[in-house]
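The structure under discussion appears below in the form of structure tokens.
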Amino acid sequence: MPSGVYNSRMTMEGLLRYIGSRFFKNVITLQVGSVLGTLLQAVAGIFIARLLQPELFGVYALAFSLASLAGIFMATGVGDGITSIVAGAYARRDRDTIAEALGFLLKIASIIGIVVAIGLVLLPIISNLLYHRYDIGLFAAIVVLASIISNLLFSVSQVAFQAERKIATATIFIFIDLFVRWGLSLLLVFSGYKILGAAIGHLIGSLIVFIIIGLSWNRLLSVDSFIPSLGQIFRKAISVSWRKFIRYSFWVALDRNMATLFSFLPISLAGIYFVSSDVAFYKIPFGFANLALSLLGPISTMLNIEFPRLREESLEKMRSSFLRVTFYSVIFSAFLVICAAVISPIAFKILYGESFMPSVPYAYGFIIYGIFNGLGVGLGPMWRAINKVKVLILINTIVLAIGIPAGLYSLKHYGIWGGVWMVTTWFAVSHVASFIYLYKKLKSGKI
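Final position of the sequence shown in my numbering is 455; the numbers increase by one with none missing.
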């Protein structure tokens, strides 16, 4: 048999095995929920943009970006670190570690939430210094308060359901959370409360979801589940030492916060030099590219469980899975952002209206950004799986230390195109450097 035919047959057999795997089926389940959630957010965002129009939508974008940046102090990434710990403990059937890890997550989320809530009074002052408007900080503070509430039981439930492979349940709760928060946000904007209504909608929605999870937790656990009851988690949250998992989860949280900076800092920096309408023209194509790329999100979510499990079995299996996922993710991300750019003239006109048409050219500029974004789908989970998050933080710190001053120069002198170049360069340098390091590390077998 010719080698080309043999290799093609082996590739096809490998692809079929991958499609039939439990991991792939779980990804598809999450993907369905992600598509529904993405469509929900997109529809809500489109209506909000049309109702607010470019000038007010630019203010809305700055408020929510500032809220996301303030959210880095909440250490939301602790959940990613705990996911890896719980996944490994679940594979070993270690009930005590699972209970302690979930209790630790609830404890840290509560403590940090209280501290951040006290510090919210500073946001209006910061927004006035950056954008010469106090109200942007007020809107941002309300959104951060909603995130604090959401970061309690919701984050704990997602870790528990993913570890127990109840992916459908996790997906349903994600959709409920998005539906309630964005639905109320849109309803209040439509009722005439504008940006304030958008922020309050998220706050009320997070309270509703908190109650839903609290009432349904114990009913969703199987009789022989290794996941503790909600009461046990609360008791563990009181008794577990914060030092138990802090060393590992702190670095994972710091990494997650770095990712938040990469995603939301561009909009916040743009507001320093741009008028609010130009912020909107920058936000729309950037968000449109990220909307398309969000279809890759479930893959990264499942890898937080899959890579630690594969490491328990075989380093070679983990390496092979990492390379395969990265290859397909880059191809898929390229396809997604190219399609998004091609349809942007029609999509922006129909969805957002004539007033947002100046955004169209920048949609093509984000194609390269999207391709490099796909390279990063498996990077975060792999860094956490091999416990080398400190290296990633060092890489990203260097990128931002050089990239922020360079980005400010680009924004000031080249406008929106400078912003496109800035965010593309940040992601490209970070992801390429990370991939090279991980590839060499996995190839050496010294983890």
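Cβ atoms here follow ideal geometry from the backbone N, Cα and C, with glycine treated the same way.
- Note on residue 104: under 16 other CB atoms within 10 angstroms of its CB, so exposed under the neighbour-count rule.
- Annotation for residue 163: the continuous alpha helix (DSSP H) segment containing it runs 161-171.
- Judged by beta-carbon spacing, residue 169 lies within the 7 angstroms limit of residue 178, meaning their Cβ atoms are closer than that value.
- Within a 10 Å sphere around the beta-carbon of residue 140 sit fewer than 16 other beta-carbons, which makes this residue exposed.
- For the pair residue 268 and residue 406, the CB atoms are not nearer than the 7 angstroms cut-off.
- Under the DSSP assignment, residue 225 falls outside any alpha helix (DSSP H); it carries neither an H nor an E label.
- Judged by pairs of C-beta atoms under 8 angstroms, the stretch 199-206 does not touch the stretch 104-124, as fewer than three such pairs exist.
- Closest by C-alpha distance to residue 173, out of 360, 91, 372, 238, is 91.
- Under the three-state reduction of DSSP output, residue 150 falls in the helix class.
- Beyond the five residues adjoining it in sequence on each side, residue 158 comes within less than 6 angstroms, by CB distance, of 214 in the same chain, given in chain order.
- Per DSSP, reduced to three states, the secondary structure at residue 102 is coil, with no helix or strand assignment.
- Annotated three-state conformation of residue 381 is helix, per DSSP.
- Excluding the 5 residues flanking it on each side, residue 67 has same chain C-beta neighbours closer than 7 angstroms at 144, 203, 284, in chain order.
- Per the coordinates, the alpha-carbon of residue 147 lies some 15 angstroms from the alpha-carbon of residue 156.
- Runs of the alpha helix (DSSP H) spanning 4 or more residues and lying entirely within the stretch 327-389 occur at 368-373, 375-383, in chain order.
- For residue 217, the secondary structure class from DSSP, reduced to helix, strand or coil, is helix.
- For residue 290, the CB contacts under 6 angstroms within the same chain, skipping 5 residues up- and downstream, are 278, 424, 427 in chain order.
- Sequence-distant Cβ neighbours of residue 375 in its own chain, meaning closer than 7 angstroms and more than five residues away, are 345, 346, 349.
- Counting other Cβ atoms within 10 Å of its Cβ, residue 210 reaches 16 or more and is therefore classed as buried.
- In the displayed model, residue 250 falls within coil according to three-state DSSP, outside both helix and strand.
- If you check the CB distance, residue 311 and residue 382 do not come in under 7 angstroms.
- Under the criterion of beta carbons closer than 8 angstroms, residue 207 and residue 151 qualify as touching, at roughly 5 angstroms.
- Taking 7 angstroms as the cut-off, the Cβ atoms of residue 248 and residue 362 do not count as close.
- Short of 8 angstroms from the beta carbon of residue 403, and not among the five residues preceding or following it, lie these beta carbons of its own chain, in chain order: 438, 441, 442, 445.
- Its chain contains 86, 89, 90 as the residues whose beta carbon lies nearer than 7 angstroms to that of residue 257, once the 5 sequence neighbours on both sides are disregarded; these appear in chain order.
- Straight-line spacing of the CA atoms in residue 112 and residue 317 works out to 21 angstroms.
- With contacts defined as CB atoms closer than 7 angstroms, residue 183 and residue 303 fail to qualify as a contacting pair.
- Cβ contact annotation for residue 415 (same chain, cutoff 7 angstroms, sequence separation greater than five): 277, 430, in chain order.
- Annotation: the continuous alpha helix (DSSP H) that includes residue 421 extends over 397-452.
- DSSP places residue 141 in the coil class of the three-state scheme, outside both helix and strand.
- The Cβ-Cβ distance between residue 65 and residue 288 falls below 7 angstroms.
- Within the stretch 241-298, the alpha helix (DSSP H) runs of at least 4 residues that lie entirely inside it are, in chain order, 254-281.
- For the set 131, 320, 62, the Cα lying nearest the Cα of residue 96 is the one of 320.
- Under the three-state reduction of DSSP, residue 212 is assigned to helix.
- Closest option to residue 185, judged by alpha-carbon separation, among 153, 176, 194, 220: 220.
- Distance from the CA atom of residue 339 to the CA atom of residue 379, rounded to whole angstroms, is 8 angstroms.
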